[in-house]
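Quick notes on the structure that follows.
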Amino acid sequence: FQYYGEFDVASLVPAGGPKAGGTEITVAGVGFFMSGIYLNCFFGDGQLPCSIDVQYPCYKAVQAVYYSPTRATCVAPSMPDGGAVTTPYPVRLGLNGKFGQSCPNSDTSFQCAFKSGLQF
């Protein structure tokens, strides 16, 4: 078992891509932790993963690739059912299947409020 500290996402490049997905996104920030298959990018909002039965608002998780404590990449999934090309989709980084971008320490839920500047 290994503990990890707080981390935060600062920017995404590029800021958009086709609704079919497949765009590689560079995620910049601080405190990223190398954790193999457990580092993920979460595209969308809502508290449930997207599925046939759950349309937007929901999220899609994809594996991220760790490069350094300040950089990771991930490939954008397809736009979720029920979404629209005019809708901005928040992107969050997480470990162990949980949203994990740093929050004020008073937030014990470990699920941060969305940052309006971090939308894909």
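So the sequence shown is numbered by my numbering: it starts at 8 and just counts up by one. For every residue, glycine included, the Cβ atom is placed at its ideal position computed from N, Cα and C. For clarity, every value in this text was computed on a predicted model and none was experimentally measured.
Contact between residue 102 and residue 79 is ruled out by a C-beta separation of about 11 Å, above the 8 Å threshold. The region 20-54 contains, as complete beta strand (DSSP E) runs of 3+ residues, the segments 31-37 and 46-51 (chain order).
In the three-state reduction of the DSSP assignment, residue 15 falls in the strand class. For residue 66, the number of other beta carbons within 10 angstroms of its own is at least 16, and it is reported as buried. Straight-line measurement puts the Cα of residue 93 at about 12 Å from the Cα of residue 25.
Residue 69 sits close to residue 48, with the two beta carbons spaced by under 7 Å.
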